[in-house]
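Have a look at the structure below before the remarks.
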Amino acid sequence: MHITIKYLGQIAEVTNTQEESLEFSGSLVSELLETLLSKYDSLKTKDFQIAQNQELVSFETKLTGAEIALLPPFAGG
Amino acid sequence: MSRYNRHIILSEIGQEGQDKISDAKVLVIGAGGLGCPILQYLTAAGVGSLGIIDYDVVELTNLQRQVLFGKSSLGQNKAKAAKARLQDLNNEISIVAYPEKLNFTNAVDLFSQYHIIVDGSDNFETRYLVNDACIITNKPLVFGAIYKFEGQVSVFNSKNGPSYRCLFPNPPKKDSIPNCSEIGVLGVLPGIIGTMQANEVLKIILELGNTLSGKLLCYNALTSQISTLKVNRNEAVFQSVLKDKDSFHKTKIEFNCKAEVKDVSIETFLSEKNIQFIDVREKHEHPIIGDLEVLHIPLSQLENNLDKIDVTKKKAVFCQSGIRSKQAVSILHALNINDCFSITEGASEINDKLKDYQKISTK
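Here it is in structure tokens:
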């Protein structure tokens, strides 16, 4: 499956890119997340949620999306 | 002609809509980067009753983005200074300034006096407190938050929509998210995000269009991209907050790992060997520490430079004021890197202490 992954806020500082595409054959969002965690070691230290096709989903959700976003919380005001 | 003529001649608003705005009571949390534009537009629009809560004072570095203030407001309480400016803008509305800190004791009583709560705060403790107090008092919450060049906007607790906890269930434990004063922010960004919040407030009051309830708007000022993510309501989150409703006012703010970081004076380390000093300020920050071998890793780059950290030595971390160094030590602890200490003094005090130390040791 061809997936575009978007990195928002401080997540993009860990990945050094705001967007990338990859081929992935797993079936769950969590499997994709594991792949990303092994690619970007310091992602483990970040808090974030995942959106699949512009909808917030739990990590156990079936991977169906063409677009995944890693969304961190912002505190600034 | 009425001050609100340009509202009234819009068929979607009319005198009836303007009357709704006049009857509205809105509480704004924080009169900072977000609070200023929120307050400015709500005052101009004629929101009949506005509350402003902020315990902080106006500083020179605020003027880059907090557009209600000028040089004459320096050192004044933000809620009071904002009120003074806003009453000049519109003296037909009632404005109450609360120059105090929002906490678990005062939140519920305060929120009960208003129809809509707008969050312009700058830290997670307040954001979760505001969210939970809105659930308890059943008030819609207009949320906005910023980070460097990006912003988030939403409406929570409105018409059976989700709350902030449905999006991010708990405050970040890792304490790895610095605020504007630590990392900087593009001045116009809170202007954009705060103005979007003011727009949501007016849509709620006027029951016009579609609010951002159930959606999180994400804005990137550098790419001009806006994406809107769907957020679902999680009923368990509401039940969990309401379960502790009666003891809410007694809740203590949980201290995260920040509080456990050991603050140690530079003097402790000067006579010791086997210390790695780490400066976590940005490259351009002055003063430079002259007489000390220092590893330089800006806080924002810390996690990408872990290989430079010497695990065999004690790590003594410093910055400009002692705040970022604490955050850096929290991050290092979270990554299981031990023997890290945050130096109490900021860079210029460290230089002074170094000079004193050299005088003594050369005597």
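So the protein sequences, as listed, match chains A and B. Take the position in the first sequence, starting the count at 1, then add 8; the result is the number in our numbering. Take the position in the second sequence, starting the count at 1, then add 168; the result is the number in our numbering. C-beta: ideal position from N, C-alpha, C; glycine also. Remember, predicted model here, so these are calculated numbers, not experimental data.
When Cβ-Cβ separations below 8 Å define contact, B:K398 makes contact with chain A.
Using a C-beta cut-off of 8 Å, the stretch 324-336 of chain B makes contact with the stretch 396-404 of chain B, since at least three inter-stretch Cβ pairs fall below that distance.
The stretch 172-179 of chain B makes no contact with the stretch 238-254 of chain B; the number of CB pairs closer than 8 Å stays below 3. Collapsing the DSSP output to three states places B:I491 in coil. Taking C-beta atoms as the reference points, A:K70 and A:S33 fail to come closer than 8 Å. Taking a C-beta cut-off of 7 Å against chain B, the contacting residues of the stretch 47-69 of chain A are S50, T53, K54, D55, Q57, A59, Q62, E63 and L64, listed in chain order. As summarised for the stretch 306-389 of chain B, the continuous alpha helix (DSSP H) elements at least 4 residues long and confined to that stretch are 332-335, 348-351 and 356-374, given in chain order. A residue is called buried when at least 16 other Cβ atoms come within 10 angstroms of its Cβ; A:P80 meets this threshold and is buried. Interface criterion met: the Cβ of B:G200 is under 8 Å from a Cβ in chain A. The alpha-carbon of B:L390 is positioned some 24 Å away from that of B:E471.
Taking C-alpha positions only, A:G73 is separated from B:D475 by approximately 35 Å. For the pair B:V448 and A:L44, the Cα-to-Cα distance works out to about 27 Å. For the pair B:G288 and A:G85, the CB atoms are nearer than the 8 Å cut-off. If you compare the alpha carbons of B:V298, B:I314, B:D290 and B:K269 with that of B:K307, the shortest gap goes to B:V298. Contact with chain A is found for B:R295, since one of that chain's Cβ atoms lies less than 8 Å from the residue's Cβ. Note on geometry: alpha-carbon atoms of B:I284 and B:I505 lie some 45 Å from one another.
By the neighbour-count definition (other C-beta atoms within 10 Å, threshold 16), B:R171 is an exposed residue.
At a beta-carbon threshold of 9 Å, the residues of chain B lying near A:V22 are E471 and N472, ordered along the chain. Each residue's CA atom was taken as its position, placing B:N325 and B:I446 some 44 Å apart. Counting every other CB atom within 10 Å of its CB across the protein chains shown gives A:D55 a total of 16 or more, marking it as buried. Boundaries of the alpha helix (DSSP H) around B:H175: N173 to I176. In the DSSP secondary-structure assignment, B:L195 is bridged to B:G219 and B:I285. For B:S179 and B:L376, the gap between their C-alpha atoms comes out near 12 Å. The beta carbons of B:V321 and B:A301 sit about 20 Å from each other, so the pair does not count as a contact at 8 Å.
Here the stretch 188-200 of chain B makes contact with the stretch 223-240 of chain B; the two share three or more CB pairs at distances below 8 Å.
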